[in-house]
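All the letters of the sequence shown, read from the start, carry residue numbers 1 to 63 under full-length UniProt numbering.
Glycine included, every Cβ here is placed at the ideal spot set by N, Cα and C.
Report on the following structure.
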Amino acid sequence: MKIALKAQQEADALKAKAEAEKSEEQKQAEREAKEKAEEEERLKEANAEEARRQLFAALEEKQ
């Protein structure tokens with residue numbers, strides 16, 4: 001009986017460890033996805049700003 005209990009406790013501990021590692025991997029993946037989305041947003045803003053600059057420069061050349 002003690003052997004079965006100890007084996008169950010070890011199995012539970014391994015399962016908890018695996019879940020914690022999976023949770024940490026998931027958190028890391030979420031952080032990376034968030035960082036990527038933020039970088040893409042910064043690039044979009046920079047591209048929009050550059051497009052505005054080019055538009056204003058073109059408008060000034062026509063005047």
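*Hey, how far is the Cα of GLU32 from the Cα of GLN63?*
47 Å
_Local conformation of GLN63 per DSSP, three classes_ = coil
*In chain order, which continuous runs of the beta strand (DSSP E) of length 3 or greater are located wholly inside the segment 1-46?*
none
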